[in-house]
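Order-wise, the sequence lines are chains A and B. Under the working numbering, the first residue of the first sequence is numbered 1, with each subsequent residue one higher. Under the working numbering, the first residue of the second sequence is numbered 504, with each subsequent residue one higher. Virtual Cβ for every residue (Gly too), placed ideally from N, Cα, C. Note that the structure is a prediction, hence the values are computed from the model and not measured. Heads up, the thing below is written out as structure tokens.
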Amino acid sequence: MSNQMEKIIEKLSPMERKIIPFLNLSIEEIEQKSSLDSVSTLRALKFLENKDIIKIKKTSKKIIDLGTNGIYYKNNHLPERKLLTLLEQNKTISLQEAEKLSKLSENEFKVSLGILKNKAFIEIKNGKIVLTAKKEEITKKFLEEHLIEMLPIEESKLAPESKHALENLKRRKNIVEIKELNLVEFELTSIGQKLAGKEIKSDLIEELTPEIIKNWNKTKKFRTYDIQSPVPSISGGKKHFVNEAIEYAKRIWLDLGFKEMSGNMIETGFWNFDALFTAQDHPAREMQDTFFIKDIEGVLPSKEIVSNVKKAHEKGIEGSKGWGYEWKEKEAKKVALRTHTTCVSARTLASLKPSDLPAKYFIIEKVFRNETLDWKHGFEFYQTEGIVIDEKVNFTHLLGFLKEFYKKMGFDKIKLVPSYFAYTEPSVEVQVFHEGRKEWLELGGAGVFRPEVTIPLLGKNVRVLAWGQGFDRIITDYYKIKDLRELYSNDLKELRNKKAWIK
Amino acid sequence: MANVKFTRSELEKSIKLTSDVIEKIELFGVPIESITDTEIEIEVLPNRPDLLSIQGFIRAVNNYLGKEKGLKKYKINKPEKNYKVFIDSEVKNIRPYTACAIASNLSLDDEKISSLIDLQEKLHSTLGRKRKKVAIGIYPLEKISLPITYTALSPDKIKFIPLEFDKPLDAGQILQKHPAGKEYAHLLENFSKYPVFLDSKKNILSMPPIINSNETGRITNETKSVFIECSGSDFNALKKTLNIIITTLADMGGKIFSMELIYGKNKEITPNLETEKIKISIDNINSLLGLNLKDKDLENLLPKMGYNYNKGKVEIPPWRIDILHEVDIIEDIAIAYGYNNLIPQMPNISTLAEETKESRIKRKIAEILIGLGLLETSSYHLIKGDEKNKIRSESLIELENSKTEYKFLRPNLLIPALRILTENKDNDYPQKIFEIGKVFLLEKNSSESKVSEKENLIIYMSPSNFTEIKQILDYLFRLLGIKYSLKESSHSSLIEGRSALINANSNIGYLGDIHPKILQDWNIKMPVAVLEISLSNIYELIN
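Here it is in structure tokens:
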């Protein structure tokens, strides 16, 4: 035996060895003689193919059989035949009467009328059916009837006129059924021809057992594994990919010395809007943009904060003119799902004591907008929010933090363009350059909190740098997701196979 | 926010759109949405409604490009005889104020008329808060006789042909039939009288904030002079809006006249283009922007944003609505300086990083469960209307006007979990899953209702059973160091005799096998075991 042959034999698994003696037979016979089930037989054949011992050929054929309605019609005639038989007895008959006498369902009746009309067997005049077919046409079997009698049959064996009939029947419900049959055959390669039919004995070690380890001696040999042969895929426990991305972003803020804030998703207008100097007639406070909660009134904070916020809105505070309107507590007590995490920043500011400064805080959490749900809109998404509170910080530091964060998120180029928010001045819109798509992505806003925001909350005008950008866009970009809904669709197959977040 | 389109050729009579200019426009703070050979579409931020007209836009960009220096001056002519508007006290509780002007010498073509109407509509929807705060009317002076009266009449006394109609309608019909009437009727709700502008012959010019008369309130190619009124509740906003319109008309070549407004004993003259001057401190500028600007720099930077500057004092254009505080001017200085010229810096502030305790515990729990081979899901906080019927909860919180089928806040994590199992019934089993997230309940007591927002953990597995889910609970709590006991109990979604309450100082959750009836309702074909606990309790238990 040649060296090459020996190597092949060393690699043969027990299953392969079991079927080699019968390789000159058909697959069914191999199954019987080797007493392997069909799945194992196929797998063994696949392995043999990998070793170039056989070549597998897969073919498929289409079998046409009767569907559930087809079985019924075969025994009880097609509805159009029933109608025709009725018309043969009553040459002119009204539509209603024909439907009643034919005992067909409304749908069957309509279909039958159509078919007979197409065959030019009938005409419909003034709500009446008139039979126009000749005697011999009526007695002759329809092509469809012929076909039904032939079934089951292989599609390739159909005559052209039967094929036409098949197309007609396929359009009707459950008359025919097409099944695809996959066939596996194989032929022997030159190596296979040498091996087929041989009994292959082996004293190679198959599985390593405690027994063998105990009695190990170096004359023993292992069967060689085919390291290329495919293995069934597995999947394990893992974090949701969105949370993986968030963990990463959280790490960045923590590494920069930020403290994590937390806050409620259900929030009063006071914290979501008023404390952030958003006038009570601002469009964002309308129902079509924000999810308000029915029949609930929220609780306002201390009188001092409320009256300072009221003053900031109405007349202004320390050098500001304010919005010049009458501020109402009722509006501030309305409860909604927070539209941004900036309300958490506002609450955090209000909780700080002078001894807590300087301070840096962040939060990455969900926010809500009353939006429709489609590939580019969603009603909830993540926002990455931060504030830096210190007398000495300035606008260029805000740009510094944003630049650092987005660099670590993989965006080296960042652009800051003027923007407008009621609660920041100066305000910027953050854009990052997407190297792959060669375009700028708009991520959201940032700025320095206005004195009308900081004075009521902190008691004095301490500088506060603030930002809050959408985060979902970065996640969809990393995972190459086109449809925003995929982020939270929880398709387990997707979740199991999603690549890990590595930056 | 509003997007506006300008004709490119019209704009290019004043400003050539070279790539350099396009870049400058973006640096100026006007995002360009699209640009073609014939048209440019820009986004106007809500603080700059003065950029909504092509004239206002050109004025500002010419400043920014340095082609025009500082504040543009407009001449306002004194009111002529009869240039008066009498404001009747009837309007006091409805729409109390109006600010008015007259412009003559106009030569209007179709394009100018359509750009005026466009400006009017954009001002209505932004600054005007959908006509609630400001509504604008423009009338051909040739068709009306001065002076004007602004008053309110009972609806049965109001009858005129509204714009786009050919028959007179009364006030009620206008609110019911006219498109503008239907859209804005809510602004007149609960009033027994509706505001109207009348000319000296008692002809109705308009019924603000709804619609003008087709006879006296429609400008055409023949119109040479116009009467302009802005009505609403905030006199200051009305004056600013009027300033935006009359400067636009002046830039179209119009001659502007002011009018005398007679509010009972008080007299006002509008429009008023007198400028406000405010002091600005160079220290404040440099401290906020992190720059080292000198007074001389301000002389260069402020005129680029349309201001005049002289020795610490800034003169503010009378069409700017957004200057409430020094910081607003400082932002403009930064824009003039160019955001692209600012150098990002990292400040030297030492602070200690800290994650919340809740985050730390959640991460630990996730680690333990992932170690057991569980997959994490992340679902919406909202649930659908039909889902609330499948798993009933009495203290459900409903959202107002949701645009999707998701209309309620989730009261537990079981509903999203069952949805996920339903949607994954054709995916590989076993499905061993967990999720951590907030749940929302309404807490009612005799006097008030409030919302409770808590964090839960759910573990759900299919196919699975009570023993397996209890094993997980046991392992998790052993690692977290929490002692617990189980108490037999019934749960509407679980099989009786195979469900339990989890007690650790108090009831903190439940576990068990989901009842086949529930599985059927959700179209789930495999057995499911579930465990849901309140993390808020766990946070307290871990010290």
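- Query: Does the segment 854-865 of chain B come close enough to the segment 256-273 of chain A that 3 or more CB-CB pairs lie under 8 Å?
  - Reply: yes
- Are the beta-carbon atoms belonging to Glu510(A) and Ala336(A) less than 8 Å from one another? Residue coverage of chain A in this structure runs from 1 to 503, which leaves residue 510(A) outside it and unanswerable.
- Task: State the DSSP-derived secondary structure class of Ile20(A), mapped to helix, strand or coil.
- Result: helix
- Separation of Gln558(B) from Glu614(B), as counted between CA atoms: 13 Å
- Message: Suppose only complete runs of 4+ residues qualify. What are the alpha helix (DSSP H) ranges in the segment 689-713 of chain B, listed by chain order?
- Response: none
- Query: In its own chain, which residues sit with a C-beta less than 6 Å from the C-beta of Lys310(A), not counting the 5 before and 5 after it?
  - Reply: Trp327
- Query: Shortest alpha-carbon distance to Lys770(B) belongs to which of Ser703(B), Ala602(B), Glu1035(B), Tyr932(B)?
  - Reply: Ala602(B)
- So with Cβ pairs under 8 Å, would you call Glu439(A) a contact of chain B? no
- Taking Val1033(B) as the query, report the chain A residues whose CB atoms sit under 8 Å from its CB, ordered along the chain. Going along chain A, no residue has its Cβ under 8 Å from Val1033(B), so there is no contact; the nearest lies around 16 Å.
- Decide if Pro152(A) is buried, meaning its Cβ has at least 16 other Cβ atoms within 10 Å, or exposed. exposed
- If Ile714(B) sits next to Ile677(B), beta carbons under 8 Å apart, how far is it from one beta carbon to the other, in whole angstroms? 6 Å
- Item | Cβ-heavy atom distance, Phe362(A) to the ligand COA, below 7 Å | Among the components modelled here there is no ligand, and therefore nothing to report on the ligand COA.
- Assuming Gly386(A) and Phe362(A) form a contact by the criterion Cβ under 8 Å, report the distance between their Cβ atoms to the nearest whole angstrom. 4 Å
- Item | Alpha-carbon to alpha-carbon, Arg473(A) and Val464(A) | 26 Å
- Task: Measuring only between beta-carbons, confirm whether Thr970(B) sits less than 8 Å from chain A.
- Result: no
- Task: Using the DSSP secondary-structure output, state which residues sit across from Gln1048(B) in a beta bridge.
- Result: Residue 1048(B) cannot be examined here, being either before or after the span of chain B that is shown, 504 to 1046.
- Message: Between the alpha carbons of Gly874(B) and Asp374(A), how many angstroms are there, rounded?
- Response: 35 Å
- Message: Strictly below 7 Å CB to CB, what residues from chain E border Val448(A)?
- Response: Within the model displayed, chain E is absent; protein chains A and B are what it includes.
- Item | Cβ-Cβ separation, Arg551(B) to Asp825(B) (assumed contact under 8 Å), whole Å | 7 Å
- Message: Since Asn243(A) and Glu991(B) should fall inside the 8 Å C-beta cutoff, what is the C-beta to C-beta distance between them, to a whole number of angstroms?
- Response: The pair is not a contact, with the Cβ atoms about 35 Å apart (cut-off 8 Å).
- Starting from the beta carbon of Ile923(B), find every residue of chain A whose beta carbon is closer than 7 Å, and list them in chain order. Asn490
- Rounded to the nearest angstrom, how far is the Cβ of Ser556(B) from that of Leu622(B), given a contact under 8 Å? 5 Å
- Query: Which residue from Val176(A), Lys82(A), Leu188(A), Tyr72(A) puts its Cα closest to that of Asn24(A)?
  - Reply: Leu188(A)
- Report the residues of the segment 370-404 of chain A with a CB closer than 8 Å to any CB of chain B, ordered along the chain. Asn370, Glu371, Thr372, Leu373, Phe379, Glu380, Val388, Asp390, Lys392, Val393, Asn394, Phe395, Thr396, His397, Leu399, Gly400, Phe401, Leu402, Lys403, Glu404
- Task: Spell out a yes or no on whether the segment 561-578 of chain B and the segment 440-453 of chain A are touching, meaning 3 or more CB-CB pairs, one atom from each, closer than 8 Å.
- Result: no
- Taking DSSP as the reference, what is the three-state secondary structure of Lys499(A)? coil
- Message: For chain A, check one thing: does any of its Cβ atoms lie closer than 8 Å to the Cβ of Glu879(B)?
- Response: yes
- Validate contact between the segment 710-724 of chain B and the segment 661-677 of chain B using beta carbons, cut 8 Å, 3 pairs: yes
- Query: With respect to the alpha helix (DSSP H) encompassing Ile71(A), which residues constitute its N-terminal and C-terminal limits?
  - Reply: 68-76
- For Leu36(A), does the three-state DSSP call read helix, strand or coil? coil
- Query: Between the segment 836-856 of chain B and chain A, which residues of the former have a C-beta closer than 8 Å to a C-beta of the latter?
  - Reply: Ala837, Ile838, Tyr842, Asn843, Leu845, Ile846, Pro847, Gln848, Met849, Pro850, Ile852, Ser853, Thr854, Leu855, Ala856
- In the structure shown, what three-state DSSP assignment does Glu520(A) receive? Any answer about residue 520(A) is impossible in this case: the structure gives chain A only from 1 up to 503.
- Along chain B, which residues have their Cβ under 7 Å away from the Cβ of Pro358(A)? Ile852, Thr854
- Query: From His828(B) to Lys321(A), what distance separates their C-alpha atoms?
  - Reply: 7 Å
- Of the residues Lys46(A), Ile414(A), Lys376(A), which one's Cα is nearest the Cα of Ile481(A)? Lys376(A)
- Should His689(B) go down as buried or exposed, given a rule of 16 or more other Cβ atoms within 10 Å for buried? exposed
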